[in-house]
Amino acid sequence: MNKFLSINFTLYTGIALTAILIFLAVFGPFIAPHTITDTLRTSYVDGKIIGPPLEPFMSMDYPLGTDRWGYDLFSMILYGIRYTLVISITITVIKMAAGSFLGLYIGTWRKVPQWIQAFENAWSYIPLFLILFFFLAPISVNSEVNSFVLIFYFIIIASIISIPSIISSVRKKSNEIFKSTFIEAAQTLGASRHRIVWRHVFPQLKESLLIMFILEIVQVIALMGQLALMKIFIGGTIFRPDNNIYLSITKEIAGLVGSARENIYSHTAYILYVPLVLLLIITISFSLLANGLKNHFQSTYQRTPWIKTSFEPKLKPKRKVYAKLKNK
Amino acid sequence: MKILQQVLFIFLLIIFLAAIPSIIEIDPAEKNISWNWSGLGKGIGDFMNEILNGSLGTYQIGNQIRYISDDIFGYFLTSFSILLAGVLSVIVIGLMLGIFLSQLRITRFIHMLLNVLSAIPDFILIIFSLVLAIKIYEVTGVRIIAFSPESGVLNIWFPMVLTAIAPTLYLFKLIAVQYYQTSAEDYIRTAVSKGMGTNYINFQHVYKNIEPFIIAELTKVVSLAIGNLFIIEYLLNVPGITKFIFQSNQFQPVAIGLFSMLLISFIIYMSIRFVLYIFKRGFIYE
Amino acid sequence: MAEKLLEIKHLKQYFNIGRPNQVKAVDDVTFDIYKGETLGLVGESGCGKSTTGRTIIRLYDATGGQVLFNGEDVHGKKSKSELKKFNRKMQMIFQDPYASLNPRMTVADIIAEGIDIHGLAKGKKNRMERVYQLLETVGLNKEHANRYPHEFSGGQRQRIGIARALAVEPEFIIADEPISALDVSIQAQVVNLMKKLQREKGLTYLFIAHDLSMVKYISDRIGVMYFGKMVELAPADELYKNAMHPYTKSLLSAIPLPDPESERTRRRILYDPAAHHYEENEKVEMRELAPGHLVFCSEKEFEQYKTQYKK
């Protein structure tokens with residue numbers, strides 16, 4: 004029983020959920036029961052009228068229901084999830100790679116120039132989604148530009164504007180390690196800056212960079228969600244002024260949430276809930292993965308508090324086994 | 105010197121942001137995105153002209169064109185009070201749950217709840233809160249939110265709550281981690297071994313060591329609150345500063361809106377620092 | 163005496179220059195180190211002896227002065243290959259054996275780091291052979307190579323640190339309080355190892371310590387530092403017999419002896435820097451009292467010391 008409790012459930016659940024999400028992102032359109040252009044025609048089945056908007060779990064053909072025009076919600080999210088994951092992961096890869104690289108090297112400077120710190124502070128004051136809003140608002144709605152150009156544009160700008168915060172946190176961690184005595188020892192041996200960064204500093208930061216990477220994916224998805232609430236959908240927004248509706252071109256999940264926002268006040272609120280719940284599952288699986296990894300790495304180094312705190316770690320530290328003890 | 109540089113950077117950033125909508129265009133012939141840098145100079149020039157003439161200019165709301173100076177005071181006050189109440193409650197709740205009440209049995213459950221919530225992005229939380237408010241109205245008939253700008257008190261307290269959610273979770277998580285780490289320090293062991301009460305240790309040893317982290321993260325907390333305020337004012341149609349920012353994409357109102365936000369966040373940052381200072385003076389050094 | 167290996171001329175190391183909290187950690191220090199000798203450097207915590215060592219090996223950039231190694235200036239060097247050459251000739255052993263070894267590297271990788279940087283081994287096999295040889299030299303064995311630093315005791319870690327320094331075949335080693343963090347029972351082992359290595363490889367040491375009793379055992383000459391200045395420099399026996407500077411006397415009076423009788427009667431001499439009564443334009447500098455015995459004093463004090471000096 005004790006052994007059972009000490010299993011890192013968070014980590015395994017996170018891994019399983021993430022694996023499922025990646026599977027859906029890759030094979031989504033092949034599983035989808037309908038294409039995104041198919042609509043449900045009103046028909047009589049067993050004396051009941053079945054027609055759009057169809058609520059979830061009413062029909063086997065449309066498991067999660069349809070929207071007002073009869074488009075299948077389940078198929079829509081299966082088509083959209085790859086956009087959400089690919090875009091958010093691409094942005095994270097770019098910003099983490101650039102941010103960690105610069106941060107690692109800046110961390111080895113004896114002194115960080117004042118203007119860098121001032122810039123970091125100024126930059127952290129303005130919410131990122133606002134910057135993106137100004138960049139995307141003039142070009143996203145009823146855009147004549149191809150949606151892949153818009154996605155590319157979003158990826159580039161979102162990556163660039165989030166690099167400063169990554170540099171800032173990596174540089175502080177890197178600098179912390181750079182002050183260690185073993186770095187001085189390497190310097191006296193004649194180690195170059197590159198050698199110190201990649202052989203001494205980076206190996207110590209590997210784990211926390213991995214955790215940071217996963218959490219940053221959630222940050223990007225949050226950013227996309229915030230923009231979606233402002234009717235900026237990644238890949239372009241279609242605006243129909245006569246009905247006052249906004250549609251996402253790519254069916255990207257955050258975009259689906261944003262375009263279904265008005266349904267919150269009506270009896271068709273499920274049109275909002277379906278993508279919203281999926282988005283919640285996506286973010287929670289990444290958070291679980293990150294927390295699981297954190298527990299996995301931390302349990303070994305954690306110190307025990309002297310006074311009662313409200314959360315006790317359940318995981319036991321794992322000791323490395325170097326040599327097997329022989330039982331005689 | 106550093107403060108001065110920082111102010112300069114923020115100033116440039118705001119000018120740049122306000123000008124972006126007039127810089128980026130779609131080239132209809134090539135169907136591509138093009139940058140029109142001449143928009144930047146013109147925007148700044150017009151802005152300076154208006155300011156030097158002693159006027160704040162106009163903004164567009166729907167089809168109406170209104171003077172910014174007519175509305176700015178009311179909008180400023182609304183945004184300010186929402187943000188101040190929000191951030192104040194963030195600090196109070198964070199400190200209470202994170203440090204001073206962390207021993208209570210109930211707090212444990214709240215901690216667990218907050219830990220789960222903090223994994224969820226803020227915009228999802230905002231939508232869920234809206235859903236919750238509507239459900240409460242449907243079931244009990246109690247009106248929690250209003251969507252017309254004329255409904256007074258109702259219109260302001262729900263945004264306050266929503267604004268506070270995300271920064272509270274952020275600050276709480278930070279304090280909880282710091283509390284856990286600090287409580288493993290040797291000086292805590294010494295204090296415990298001398299038979300000091302938990303409350304005394306919390307005030308004299310834990311809080312004093314966590315305070316610098318709180319102050320360091322205060323800008324982040326205020327910035328998070330502002331980010332949420334933008335979304336909430338937009339979603340709930342609150343007559344606040346964001347009216348200048350989201351309703352039109354002219355240079356003038358956007359720049360004035362962003363500068364007002366800067367002023368608001370500065371005042372709030374200072375007042376929180378003051379509150380923390382008073383707290384420290386009043387409670388910690390008797 | 164033998165030829166000079168290292169000449170330190172008017173070395174200055176100031177921190178926070180131009181600010182109100184400016185610190186003169188090393189203030190105009192001049193001394194020579196001869197080939198094959200051990201120069202002990204003693205003084206209380208914060209007197210600048212570690213900073214002197216670190217500045218010599220270029221962990222800090224000197225504020226002023228010169229460090230000549232075999233007649234070549236170490237600090238003026240710019241090109242990378244020339245700097246590397248000096249890194250091979252000059253090495254350092256660190257005070258804290260726990261912090262100075264990277265916890266994520268195996269002992270073999272730690273020791274071989276210098277070999278890798280300077281490309282001293284041909285092929286992996288040769289690299290490991292060298293590592294095994296170095297481990298044996300410092301009294302560890304082959305099996306230790308693939309372990310991590312946290313699996314060793316303080317004394318063993320310090321041996322690893324010594325092996326790391328020896329890997330690049332240096333001529334000169336700065337030992338920055340190498341035994342201060344060790345248990346008393348281990349200190350002698352490490353010092354004996356260092357003495358043995360000196361005999362075998364003809365090494366020159368700058369041995370920094372705050373403990374006079376152990377320094378006397380290993381050093382040929384001893385320098386005493388006080389507040390960034392060298393106050394007395396003399397052959398080890400001479401310094402113990404004929405200490406002239408009041409600060410040196412005070413240090414000597416603080417050495418505990420393992421004898422209860424003399425401990426009871428031992429009188430601690432206190433040093434008060436105000437007791438010198440230096441006048442404003444008086445020239446205070448290092449003056450040679452006897453061959454090889456230098457004292458930091460004014461002209462007036464010099465005469466006074468001369469009369470006190472016992473042959």
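For the protein sequence lines, the chains are A, B and C, in the order given. Using this note's numbering, the letters of the first sequence map in sequence onto residues 4 to 331. Using this note's numbering, the letters of the second sequence map in sequence onto residues 105 to 390. Using this note's numbering, the letters of the third sequence map in sequence onto residues 163 to 473. Note that the Cβ used here is the ideal one computed from N, Cα and C, for glycine as well.
Count the other CB atoms, across all protein chains shown, that sit within 10 Å of the CB of Gly281(C); report buried if there are 16 or more and exposed otherwise.
By 1-based counting over the third sequence, the position of residue 281(C) is 119. Exposed, since its Cβ has fewer than 16 Cβ neighbours within 10 Å.
Determine the direct distance from the alpha carbon of His312(C) to that of Met4(A), and round the result to whole angstroms.
Within the first sequence, numbered from 1, the residue matching residue 4(A) stands at position 1. Within the third sequence, numbered from 1, the residue matching residue 312(C) stands at position 150. Note that Met4(A) has pLDDT 46, beneath the 50 cutoff, so the model's placement of it is unreliable and no number is given.
Which same chain residues end up closer than 8 Å to Leu173(C) when comparing Cβ atoms and leaving out the 5 residues on each side of it in sequence?
For this step, residue 173(C) is matched to residue 11 along the third sequence. Excluding residues within five positions, the ones whose Cβ falls inside 8 Å are Val188, Asp190, Val191, Thr192, Thr214, Thr217, Ile218, Ala224, Gly226, Gly227, Gln228 and Val229.
DSSP three-state label for Asn330(A), please.
Walking along the first sequence from the start, residue 330(A) turns up at place 327. Low confidence applies here, because Asn330(A) scores a pLDDT of 47, under 50, leaving its location unreliable and the question unanswered by this model.
If contact is defined by three or more beta carbon pairs under 8 Å, each pair taking one atom from either stretch, is the region 63-80 of chain A in contact with the region 33-40 of chain A?
yes
Where does Arg243(A) land, buried or exposed, given buried means 16+ other C-beta within 10 angstroms?
As a first step, residue 243(A) is located in the first sequence; it is residue number 240 there, counting from the start. The residue is exposed, with fewer than 16 neighbouring Cβ atoms inside 10 Å.
Against chain A, does Ile348(C) count as a neighbour if the rule is that its beta carbon must be under 8 Å from one of theirs?
Position 186 of the third sequence holds residue 348(C). It does not: the Cβ of Ile348(C) has no partner Cβ on chain A nearer than 8 Å.
Which residues share a DSSP beta bridge with Ala122(B)?
Numbered from 1 along the second sequence, position 18 holds the residue referred to as residue 122(B). None, per the DSSP bridge assignment.
Taking only the alpha-carbon atoms, compute the straight-line gap between Arg293(B) and Gln308(B) and give it to the nearest angstrom.
The residue given as residue 293(B) occupies position 189 in the second sequence. The residue given as residue 308(B) occupies position 204 in the second sequence. Distance between the alpha carbons of Arg293(B) and Gln308(B): 13 Å.
Closer than 8 Å by beta-carbon distance: list the chain A residues that pair up with Leu121(B), in chain order.
By 1-based counting over the second sequence, the position of residue 121(B) is 17. Going along chain A in sequence order, the residues near Leu121(B) (Cβ under 8 Å) are Ile129, Leu133, Ile134 and Phe137.
Cβ of Met233(A) less than 8 Å from any chain B Cβ?
Start at 1 with the first residue of the first sequence, and residue 233(A) comes out as number 230. Yes, contact with chain B.
Relative to the alpha-carbon of Ile127(B), which residue among Phe138(A), Ser168(A) and Leu213(A) has its alpha-carbon at the smallest distance?
In the second sequence, counting from the first residue as 1, residue 127(B) sits at position 23. Ranking the options by Cα distance to Ile127(B), first place goes to Phe138(A).
Is the distance from the Cβ of Gly236(C) to the Cβ of Arg220(C) below 8 Å?
Here residue 236(C) refers to the residue found at position 74 of the third sequence. Here residue 220(C) refers to the residue found at position 58 of the third sequence. Reading the sequence as shown, one finds Val at residue 236(C) and not Gly. Yes.
Are the Cβ atoms of Ala122(B) and Leu362(B) separated by less than 8 Å?
The residue you call residue 122(B) lines up with position 18 of the second sequence. The residue you call residue 362(B) lines up with position 258 of the second sequence. Against a cut-off of 8 Å, the Cβ pair of Leu362(B) and Ala122(B) comes out as a contact.
Should Arg181(C) be flagged as near chain A, meaning a C-beta pair shorter than 8 Å?
Position 19 of the third sequence, counted from the start, is the residue given in the question as residue 181(C). It does not: the Cβ of Arg181(C) has no partner Cβ on chain A nearer than 8 Å.
So with CB distances below 7 Å, who are the chain A contacts of Leu263(C)?
Walking along the third sequence from the start, residue 263(C) turns up at place 101. Residues of chain A with a Cβ closer than 7 Å to the Cβ of Leu263(C) are, in chain order, Phe185.
If you follow the beta strand (DSSP E) that Tyr196(C) is part of, which residue opens it and which one closes it?
Within the third sequence, the letter at position 34 stands for residue 196(C). For Tyr196(C), the enclosing beta strand (DSSP E) has its first and last residue at Val185 to Tyr196.
Threshold first: 4 residues or longer. Then list the alpha helix (DSSP H) segments lying entirely within the region 273-337 of chain C, N to C.
285-299 and 316-328
Please classify Gly301(B): does DSSP put it in a helix, a strand, or coil?
The residue labelled residue 301(B) in the question sits at position 197 within the second sequence. Coil at Gly301(B), not helix or strand.
Rounded to a whole number of angstroms, what is the C-alpha to C-alpha distance between Ile241(A) and Ser127(A)?
For the purposes of this step, residue 241(A) is taken as residue 238 along the first sequence, with counting starting at 1. For the purposes of this step, residue 127(A) is taken as residue 124 along the first sequence, with counting starting at 1. Take the alpha-carbon of Ile241(A) and the one of Ser127(A): they are about 32 Å apart.
Taking only beta-carbon positions, decide if Pro357(B) is within less than 8 Å of chain A.
Counting from one through the second sequence, the residue named residue 357(B) turns up at place 253. So, not an interface residue.
What whole-angstrom Cβ distance do Leu456(C) and Tyr467(C) have, given they're in contact under 8 Å?
The residue labelled residue 456(C) in the question sits at position 294 within the third sequence. The residue labelled residue 467(C) in the question sits at position 305 within the third sequence. Incorrect: roughly 11 Å between the Cβ atoms, too far for contact.
Rank Asp226(B), Ile330(B) and Tyr291(B) by C-alpha distance to the C-alpha of Thr286(A) and give the top, closest one.
Here residue 286(A) refers to the residue found at position 283 of the first sequence. Taking the Cα of Thr286(A) as reference, the smallest distance to any Cα among Asp226(B), Ile330(B) and Tyr291(B) is reached at Asp226(B).
Is the shortest distance between the beta-carbon of Gln110(B) and the beta-carbons of chain D less than 8 Å?
Given the protein chain composition of this structure (A, B and C), no chain D is represented.
Output yes or no for whether 8 Å exceeds the beta carbon distance between Ile97(A) and Ile154(A).
Position 94 of the first sequence, counted from the first residue, corresponds to residue 97(A). Position 151 of the first sequence, counted from the first residue, corresponds to residue 154(A). Not a contact, by the Cβ cut-off of 8 Å.
If you draw a straight line from the C-alpha of Arg429(C) to the C-alpha of Lys363(C), how long is it?
Mapped onto the third sequence, residue 429(C) falls at position 267. Mapped onto the third sequence, residue 363(C) falls at position 201. Going by the C-alpha atoms only, they are around 42 Å apart.
Skipping 5 residues on each side, what residues in its chain have a beta carbon closer than 6 Å to that of Asn306(B)?
Translated into positions along the second sequence, residue 306(B) becomes position 202. The residues are Ile203 and Phe204.
Roughly how many angstroms lie between the CA atoms of Lys329(A) and Asn308(C), to the nearest whole one?
In the first sequence, residue 329(A) corresponds to position 326, counting from 1. In the third sequence, residue 308(C) corresponds to position 146, counting from 1. Only weak support exists for where Lys329(A) lies, its pLDDT of 48 falling under 50; the coordinates are left without a value.
So, at 6 Å on beta carbons, what are the nonlocal neighbours of Tyr433(C) in its own chain, with the 5 sequence-adjacent residues on each side left out?
For this step, residue 433(C) is matched to residue 271 along the third sequence. Excluding residues within five positions, the ones whose Cβ falls inside 6 Å are Pro408, Tyr409 and Ser412.
Considering just the uninterrupted stretch of the beta strand (DSSP E) at Gln228(C), what are its terminal residues?
Looking up residue 228(C) in the third sequence gives position 66. Here the beta strand (DSSP E) through Gln228(C) covers Gly226 to Phe231.
Residues bridged to Leu201(C) by DSSP?
Here residue 201(C) corresponds to residue number 39 of the third sequence, with the count starting at 1. Answer by DSSP bridge pairing, in chain order: Leu368(C) and Arg383(C).
Determine the direct distance from the alpha carbon of Lys287(C) to that of Met387(C), and round the result to whole angstroms.
Counted from its first residue, the third sequence places residue 387(C) at position 225. Counted from its first residue, the third sequence places residue 287(C) at position 125. Computed Cα separation, rounded: 46 Å.
Report yes or no: do the region 368-377 of chain C and the region 325-338 of chain C share at least 3 C-beta pairs separated by less than 8 Å?
They touch, by the three-pair rule.
Using 10 angstroms around the beta-carbon of Asp70(A), count the other beta-carbons present and answer buried if the total reaches 16, otherwise exposed.
What you label residue 70(A) is simply residue 67 of the first sequence in a count that begins at 1. Under this definition Asp70(A) is a buried residue.
Under 8 Å between the Cβ atoms of Leu229(B) and Leu218(B)?
The residue given as residue 229(B) occupies position 125 in the second sequence. The residue given as residue 218(B) occupies position 114 in the second sequence. No, Cβ-Cβ distance for Leu229(B) and Leu218(B) is not below 8 Å.
Taking the straight line between their C-alpha atoms, what separation do you get for Ile119(B) and Met152(B)?
Here residue 119(B) refers to the residue found at position 15 of the second sequence. Here residue 152(B) refers to the residue found at position 48 of the second sequence. Taking the straight line from one Cα to the other gives about 11 Å.
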